[in-house]
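**Q**
Numbering (full-length UniProt numbering), first residue to last: 1 to 146.
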């Protein structure tokens, strides 16, 4: 996909933008009429003021901005948000404050990042057995720490 159509739903909304030429993600900015205070342990939804027209076979994945998550404890509430190719509504980010301090979100603040990626939707085939592997059904921690 060489182009992504974006519709601003509010004249004051900011177009998503990449911070550097090497950035995989587009920073998403809050579009708010008034500041929003997220108390410790609370979650709130923050609109970004734009909608997308993703091509079939692509999705937008909404991730935390590393600085916001690490320094402030504020991350997307659902870990990773997914914007499907057939969704045309406003991009909204659920933000969770996992810190012990209140966090203020102001209009224009960069609150998350959006990565566009292709995906496949293979036909699921029900079977009785799966191929054997060396790992087998070993789950969490089964491959070791080092």
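Note that beta-carbon positions come from the ideal geometry of N, C-alpha and C, so glycine has one too. Everything numeric in this text was worked out from a predicted model, so none of it was measured.
#1: Does residue 112 pass the burial test, meaning 16 or more other C-beta atoms within 10 Å, or should it be called exposed?
#2: With distances taken between CB atoms, is the gap from residue 50 to residue 6 smaller than 7 Å?
#3: Does DSSP put residue 141 in a helix, a strand or coil?
#4: Beta carbon of residue 43, beta carbon of residue 98: below 7 Å?
#5: May I have a chain-ordered list of the alpha helix (DSSP H) segments no shorter than 4 residues that lie completely inside the UniProt domain "dUTPase-like" (13–144)?
#6: Taking DSSP as the reference, what is the three-state secondary structure of residue 8?
#7: Report yes or no: do the stretch 103–111 and the stretch 29–39 share at least 3 C-beta pairs separated by less than 8 Å?
#8: Pull up the distance between the alpha-carbon of residue 135 and that of residue 25, whole angstroms please.
#9: Among the residues of its own chain, which have a CB less than 6 Å from the CB of residue 18, if the five just before and after it don't count?
#10: Can residue 48 and residue 65 be called in contact, C-beta distance under 7 Å?
**A** The answer reads as follows:
#1: By one-based count along the chain shown, residue 112 stands at place 112. With 16 or more Cβ atoms within 10 Å of its Cβ, residue 112 is classed as buried.
#2: Mapped onto the chain shown, residue 50 falls at position 50. Mapped onto the chain shown, residue 6 falls at position 6. Yes, the Cβ-Cβ distance between residue 50 and residue 6 is below 7 Å.
#3: For this step, residue 141 is matched to residue 141 along the chain shown. DSSP, read as helix, strand or coil, puts residue 141 in coil.
#4: Here residue 43 refers to the residue found at position 43 when the chain shown is read from its first residue. Here residue 98 refers to the residue found at position 98 when the chain shown is read from its first residue. Result no, Cβ atoms of residue 43 and residue 98 do not sit closer than 7 Å.
#5: Runs found: none.
#6: Taking the first residue of the chain shown as position 1, residue 8 is located at position 8. Residue state, collapsed to three classes: strand.
#7: Yes, they touch.
#8: For the purposes of this step, residue 135 is taken as the residue at position 135 of the chain shown. For the purposes of this step, residue 25 is taken as the residue at position 25 of the chain shown. Going from the Cα of residue 135 to the Cα of residue 25 covers about 33 Å.
#9: As a working note, residue 18 is residue 18 in the chain shown. The residues are 26.
#10: Translated into positions along the chain shown, residue 48 becomes position 48. Translated into positions along the chain shown, residue 65 becomes position 65. Their beta carbons are not under 7 Å apart, which means residue 48 does not touch residue 65 by this criterion.
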